[in-house]
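Below you'll find the structure, written out as structure tokens, and then a few comments.
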Amino acid sequence: MTGITEEYIRNKLQEVDRSHAETDGYAEIPIHPDVHLKCAAVLVPLVYFSKEWHVLYTRRTDQVEAHKGQVSFPGGACDEGESTPEETALREADEEIGIHPSDVRLIGKLSRMVTISKYRVTPVVGVINFPYAFKTSGMEVARVFTIPLLWLANRNNFWEFSVPGTNRSVIVYHPYDGELLWGATARMTINFLKIINLLQ
5 MTGITEEYIR
15 NKLQEVDRSH
25 AETDGYAEIP
35 IHPDVHLKCA
45 AVLVPLVYFS
55 KEWHVLYTRR
65 TDQVEAHKGQ
75 VSFPGGACDE
85 GESTPEETAL
95 READEEIGIH
105 PSDVRLIGKL
115 SRMVTISKYR
125 VTPVVGVINF
135 PYAFKTSGME
145 VARVFTIPLL
155 WLANRNNFWE
165 FSVPGTNRSV
175 IVYHPYDGEL
185 LWGATARMTI
195 NFLKIINLLQ
């Protein structure tokens with residue numbers, strides 16, 4: 005993918021981090037002072053193979069408490085004592101798919117997102133050398149897979165529609181290799197693609 009290097013992605017993310025530090029981006033629910041938002045973080049893993057960048061996703065099992073069978077990034081709620089979203093994202097990625105924190109090159113963050121489940125989620129972007137010996141948590145993760153950046157950036161592969169009776173919209177991708185990417189994870193993906201100028 006011409007022009008898209010790890011350094012380029014890092015620089016673009018750092019520009020966003022400086023201009024939107026500690027601010028919320030898209031919110032799936034109205035944010036009021038009396039609404040308690042829980043802390044969470046996800047890892048947005050990037051891998052490079054077959055001469056192009058891919059984004060790595062997981063599909064959750066049907067045994068998890070929430071978001072059963074959905075495509076997501078590895079991540080979850082902040083643990084007590086964790087002071088940064090990077091700590092949370094790396095711990096969760098290690099627990100869910102066996103990525104050792106030292107194997108992740110952190111290159112930046114996306115704008116925080118407030119989800120319908122009342123989490124304030126910070127997406128942390130990291131690069132992982134590929135191939136990698138993933139070790140999935142049998143209770144949480146059914147599958148680990150990747151989708152090429154160029155496919156994700158093709159507007160023919162996704163659409164956005166309004167939710168009746170709300171001011172919200174939902175992004176849904178066409179299935180890729182049998183997997184359906186939609187909702188908050190799809191919106192984080194779109195945000196990332198816009199930051200690196202693959203989408204306007």
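Count along the sequence shown starting at 1, add 4, and that's the number in the working numbering.
No residue lacks a Cβ here, since even glycine has one placed at the ideal position from N, Cα and C.
Within 8 Å, strictly: CB atoms of residue i and residue j
{"i": "PRO77", "j": "VAL118", "result": "Reading the sequence as shown, one finds Phe at residue 77 and not Pro. Against a cut-off of 8 Å, the Cβ pair of VAL118 and PHE77 comes out as no contact."}
{"i": "LEU185", "j": "ILE194", "result": "no"}
{"i": "ILE200", "j": "ILE8", "result": "yes"}
{"i": "THR65", "j": "MET143", "result": "yes"}
{"i": "GLU90", "j": "SER141", "result": "no"}
{"i": "GLY102", "j": "ALA93", "result": "no"}
{"i": "ARG116", "j": "VAL129", "result": "no"}
Cα-Cα separation between residue i and residue j, rounded to whole angstroms
{"i": "MET5", "j": "VAL39", "result": "Because the pLDDT of MET5 is 48, which lies under 50, any placement of that residue in the model is unreliable, and the number read from its coordinates should be weighed accordingly. C-alpha separation (whole angstroms): 43 Å."}
{"i": "VAL176", "j": "THR189", "result": "10 Å"}
{"i": "PRO37", "j": "CYS43", "result": "15 Å"}
{"i": "ARG63", "j": "PRO152", "result": "17 Å"}
{"i": "HIS104", "j": "ALA97", "result": "8 Å"}
{"i": "VAL108", "j": "GLU19", "result": "21 Å"}
{"i": "SER166", "j": "GLY187", "result": "12 Å"}
{"i": "TYR12", "j": "ILE111", "result": "10 Å"}
{"i": "ALA146", "j": "GLY73", "result": "8 Å"}
{"i": "ALA157", "j": "LEU197", "result": "7 Å"}
{"i": "VAL148", "j": "TYR61", "result": "6 Å"}
{"i": "GLY85", "j": "HIS178", "result": "39 Å"}
{"i": "GLN67", "j": "PRO127", "result": "24 Å"}
{"i": "ASP83", "j": "ASP21", "result": "23 Å"}
{"i": "SER106", "j": "PHE138", "result": "14 Å"}
Residue from the options with nearest C-alpha to residue i
{"i": "PHE53", "options": "GLY73, PRO89, GLU10 and GLN18", "result": "GLU10"}
{"i": "ALA81", "options": "LEU41, THR170 and LYS16", "result": "LEU41"}
{"i": "GLY182", "options": "THR150, ASN15, GLY85 and ILE33", "result": "THR150"}
{"i": "TYR136", "options": "PRO34, ARG159, ARG22 and PRO49", "result": "PRO49"}
{"i": "ILE120", "options": "LEU154, SER173 and SER87", "result": "SER173"}
{"i": "GLU56", "options": "GLY169, TRP155, ASN161 and THR170", "result": "TRP155"}
{"i": "THR170", "options": "ARG14, LYS139 and PRO34", "result": "PRO34"}
Integer-rounded CB distance, given that residue j should sit under 8 Å from residue i
{"i": "TYR51", "j": "PHE134", "result": "It is worth fixing the name first, because residue 51 is Val in this sequence and not Tyr. About 4 Å; that satisfies the 8 Å criterion."}
{"i": "LEU17", "j": "LYS113", "result": "7 Å"}
Could you tell me which uninterrupted beta strand (DSSP E) segments, each at least 3 residues in length, are contained entirely in the region 120 to 147, listed from first to last along the chain?
DSSP runs (the beta strand (DSSP E)) wholly in the region 120 to 147: 123 to 132.
Ignoring anything shorter than 3 residues, give me the beta strand (DSSP E) runs that lie fully in the region 154 to 193, in order along the chain.
At a cut-off of 3 residues, the continuous stretches assigned as beta strand (DSSP E) that sit fully inside the region 154 to 193 are 162 to 166 and 173 to 177.
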